Amino acid sequence: MVTEPTPGVQRDIMDGAARQHLYPFALMMMPVVLSDRPYIANNHVEALCVQLEAAFTGGPRSLLVNMPPRYLKSITVSVLFCAWLIGRDPSFKIIVATYGATLSEDHSRLFRRVVRSPFYRRLFPKVRWAVDTVENMVTTRGGGRRNTSLGSGITGVGADLLIVDDLIGTQDIHSEARRAEQKRYVDETLYSRLDNKENAVFIVVQQRLHEDDVIQHLYEKGSWHLFSLPAIATEPQSFPLMNGRSFNRAQGDVLAPLFESRETLAEIERGMTSRIFSAQYQQNPIPDGGDVIKIDWFERVEGLYDREEYEYVVQSWDTASSIEPGSAFSVCMTLGLLERHWEILDIWRERVSMPDLVRAAERLYKKWVPNKLLIENKSSGIGLIQMLRNDPRFTGRRTINAINPGIATEDRMISYSPLLEQGLILIPDEAKWLAAFTHECTAFPKGRYMDQIDALSQFLEWTSTREAKNIVTPPAKRVWPDPYKRTTNSPFGTLDTALWRF
Numbered sequence: 026m027v028t029e030p031t032p033g034v035q036r037d038i039m040d041g042a043a044r045q046h047l048y049p050f051a052l053m054m055m056p057v058v059l060s061d062r063p064y065i066a067n068n069h070v071e072a073l074c075v076q077l078e079a080a081f082t083g084g085p086r087s088l089l090v091n092m093p094p095r096y097l098k099s100i101t102v103s104v105l106f107c108a109w110l111i112g113r114d115p116s117f118k119i120i121v122a123t124y125g126a127t128l129s130e131d132h133s134r135l136f137r138r139v140v141r142s143p144f145y146r147r148l149f150p151k152v153r154w155a156v157d158t159v160e161n162m163v164t165t166r167g168g169g170r171r172n173t174s175l176g177s178g179i180t181g182v183g184a185d186l187l188i189v190d191d192l193i194g195t196q197d198i199h200s201e202a203r204r205a206e207q208k209r210y211v212d213e214t215l216y217s218r219l220d221n222k223e224n225a226v227f228i229v230v231q232q233r234l235h236e237d238d239v240i241q242h243l244y245e246k247g248s249w250h251l252f253s254l255p256a257i258a259t260e261p262q263s264f265p266l267m268n269g270r271s272f273n274r275a276q277g278d279v280l281a282p283l284f285e286s287r288e289t290l291a292e293i294e295r296g297m298t299s300r301i302f303s304a305q306y307q308q309n310p311i312p313d314g315g316d317v318i319k320i321d322w323f324e325r326v327e328g329l330y331d332r333e334e335y336e337y338v339v340q341s342w343d344t345a346s347s348i349e350p351g352s353a354f355s356v357c358m359t360l361g362l363l364e365r366h367w368e369i370l371d372i373w374r375e376r377v378s379m380p381d382l383v384r385a386a387e388r389l390y391k392k393w394v395p396n397k398l399l400i401e402n403k404s405s406g407i408g409l410i411q412m413l414r415n416d417p418r419f420t421g422r423r424t425i426n427a428i429n430p431g432i433a434t435e436d437r438m439i440s441y442s443p444l445l446e447q448g449l450i451l452i453p454d455e456a457k458w459l460a461a462f463t464h465e466c467t468a469f470p471k472g473r474y475m476d477q478i479d480a481l482s483q484f485l486e487w488t489s490t491r492e493a494k495n496i497v498t499p500p501a502k503r504v505w506p507d508p509y510k511r512t513t514n515s516p517f518g519t520l521d522t523a524l525w526r527f
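As structure tokens, this is what we get:
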């Protein structure tokens with residue numbers, strides 16, 4: 026007979042887990058630091074804890090953490106992670122740098138609240154404090170947590186862990202001089218404070234605010250690992266959790282739906298510009314010179330009709346040649362004609378090999394039964410065209426148009442952008458692919474990817490052809506003059522009927 030552990034045994038098990046791993050410790054301490062709101066458990070906090078813990082167990086030691094505001098990134102990294110590390114080793118030295126004294130003191134007060142709590146003292150009874158101030162907490166073993174801020178001197182102080190947490194404020198982010206100061210502070214002042222650069226850990230935490238921020242600066246060095254969680258996933262993501270589990274996100278998945286639902290995020294976006302939402306919530310800042318395509322050019326529609334309600338359906342393909350991380354995506358954009366407007370019905374966007382690309386084309390063809398396929402006649406598109414043309418399902422009605430690339434994507438999109446401004450293209454209120462599409466549009470032409478823009482501009486170019494115009498506005502049926510409409514005694518019936526027979 027299996028018996029339940031007593032409350033005392035249960036507590037011992039939980040305490041042991043909290044000493045051993047960061048996430049159980051964070052769960053135990055969340056009520057201590059979140060006095061103003063309840064903690065809503067979500068996989069993103071566990072995934073972050075696993076990343077942080079891995080930095081000291083063989084994982085990447087230079088870590089960039091990007092998450093939307095109010096998603097507990099600072100509390101997890103700058104407060105709980107610090108307390109947990111010092112509890113495990115009171116000689117461990119940490120420096121936390123922020124953009125200003127106010128934020129620094131807020132984090133320090135939360136840290137002090139944690140280490141003074143009965144839970145912490147029970148977990149780590151050997152931790153004793155020799156210095157206990159807002160600016161500096163030092164243990165009797167010489168370890169501790171020290172605050173600093175941009176521009177402050179920290180000479181003579183070393184660290185095993187450096188944390189940079191929001192080193193620049195929103196009011197300064199558009200100042201090139203302030204951004205340059207931030208980068209110099211990280212490269213020259215902070216990095217020199219690491220005691221043992223072979224084993225020390227450096228973590229930078231912030232929401233994205235500008236395409237030229239310190240996150241981009243460090244990421245381009247090539248030695249930093251990026252842990253980025255947009256509020257709405259723009260591509261599939263997978264992060265390890267405890268006990269061999271994974272936090273898997275499909276494109277369009279909301280990060281923490283019990284905290285901020287899709288409807289709440291849409292309301293937040295309406296309350297700010299798409300440019301700000303793209304940076305702070307999607308971790309995808311729009312470069313200066315972007316925003317060529319205005320999102321409000323796309324009228325929103327509520328839901329989609331069944332396929333048979335659309336007069337004509339087109340799939341526009343832009344294919345890629347690599348499946349390596351960071352490479353371009355293959356894209357299939359499906360659009361349906363309804364009352365002289367084209368609605369984007371679906372966007373498929375993945376990195377796939379050639380066999381998987383063909384299977385995707387077959388699956389999407391079966392799903393939407395398009396009247397026309399536009400496939401760029403280059404890269405893997407050449408092979409896709411050849412394979413589909415050998416399939417009897419894709420022949421007989423001039424289904425496939427092989428599009429020979431002419432002008433560059435940027436020039437083509439700018440040339441046909443007036444069609445968007447005139448309201449030719451409609452998009453749904455909600456779709457899993459919507460976030461990735463709108464953010465690529467707003468970042469164009471300076472964004473990292475433009476595969477969806479390629480597919481869209483290819484379609485817009487096609488709408489200007491005679492073939493497309495005849496679909497949208499069919500040739501008027503011939504109206505015969507009255508004399509030809511009269512009835513005769515001809516055995517063929519009316520004169521107009523007789524004429525059509527010949």
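Taking my numbering, the leading residue of the sequence shown gets 26, the next gets one more, and so forth.
Each residue gets a CB set at the ideal place from its N, CA and C atoms; glycine is no exception.
What you are looking at is a predicted structure, and each value in this text was computed from that prediction instead of being measured.
If you follow the alpha helix (DSSP H) that residue i is part of, which residue opens it and which one closes it?
i      : result
His235 : Taken as a continuous stretch (DSSP letters only), His235 belongs to no alpha helix (DSSP H), as it is neither H nor E.
Asn68  : 68-79
Arg414 : 405-414
Phe484 : 476-488
Val162 : At residue 162 the sequence reads Met, which differs from the Val that was named. Not the alpha helix (DSSP H): Met162 falls in the beta strand (DSSP E), residues 161-164.
Asp381 : 379-393
Arg147 : 143-148
Gly183 : Gly183 -> no alpha helix (DSSP H), and no H or E assigned at all.
Gly112 : 107-113
Ile301 : 299-305
Asp215 : Checking the sequence, you will find Leu at residue 215 rather than Asp. From DSSP, Leu215 is part of no alpha helix (DSSP H); its letter is neither H nor E.
Under a CB-based cut-off of 7 angstroms, is residue i close to chain D?
i      : result
Gln207 : Among the chains of the structure shown, chain D does not appear; only one protein chain is present.
Classify residue i as buried or exposed, calling it buried when 16 or more other Cβ atoms lie within 10 Å of its own Cβ.
i      : result
Pro506 : Annotation note: pLDDT 44 at Pro506 (below 50); position unreliable, coordinate value reported separately. Per the 10 Å Cβ criterion, exposed.
Thr522 : Reliability fails at Thr522, whose pLDDT of 34 lies under 50, so the model's placement of it is uncertain and the value that follows must be treated cautiously. Counting Cβ neighbours within 10 Å, Thr522 comes out exposed, since fewer than 16 surround it.
His199 : exposed
Leu128 : buried
Thr101 : buried
Pro63  : exposed
Ala275 : exposed
Arg295 : exposed
Pro143 : exposed
Lys391 : exposed
Gln308 : buried
Leu283 : exposed
Pro443 : exposed
Asp436 : exposed
In the DSSP assignment, find the unbroken beta strand (DSSP E) run with residue i in it and report its ends.
i      : result
Tyr96  : First-last for Tyr96: undefined, no H or E at that position.
Asn495 : Premise fails: Asn495 lies in the alpha helix (DSSP H), 491-497, not in any beta strand (DSSP E).
Glu327 : That residue, Glu327, is in no beta strand (DSSP E); it is neither H nor E in DSSP.
Leu251 : 250-253
Trp342 : 337-343
To which residues does DSSP link residue i through a beta bridge?
i      : result
Ala427 : Ile400
Asp371 : Thr359
Gly169 : Lys118, Val163
Val90  : Val230, Phe252
Phe272 : Phe264
Val279 : Ile257
Please tell me whether, using a cut-off of 6 angstroms, the distance from the CB of residue i to the nearest non-hydrogen atom of the ligand MN is below it.
i      : result
Ser346 : In terms of ligand content, the structure shown is empty, and the ligand MN therefore cannot be addressed.
Consult DSSP for residue i and reduce its assignment to one of helix, strand or coil.
i      : result
Met54  : helix
Trp154 : strand
Asp21  : Outside the shown range of the chain, which is 26 to 527, sits residue 21, and nothing can be said about it.
Tyr441 : helix
Pro265 : strand
Pro453 : strand
Glu364 : coil
His199 : coil
Ile320 : helix
Asp191 : coil
Tyr48  : helix
Tyr124 : coil
Asp40  : helix
Ser352 : coil
Ile257 : strand
Ser174 : strand
Trp505 : With a pLDDT of 39 at Trp505, under the threshold of 50, the modelled position of this residue cannot be trusted; read the value that follows with caution. Looking at Trp505 - three-state DSSP - the assignment turns out to be coil, as it is neither helix nor strand.
Ala225 : coil
Ile293 : helix
Pro3   : Since the first residue shown for the chain is 26 and the last is 527, residue 3 is missing from the structure and cannot be characterised.
Under 8 angstroms by Cβ, that's how I've got residue i and residue j pegged, so tell me the actual separation to the nearest angstrom.
i      : j      : result
Gly328 : Leu459 : 13 angstroms between Cβ atoms; not a contact.
His132 : Val90  : In fact, because the Cβ distance is near 15 angstroms, the residues do not count as touching under 8 angstroms.
Asp190 : Thr123 : 5 angstroms
Gln483 : Ile428 : 6 angstroms
Phe117 : Gly168 : 4 angstroms
Arg170 : Ile119 : 5 angstroms
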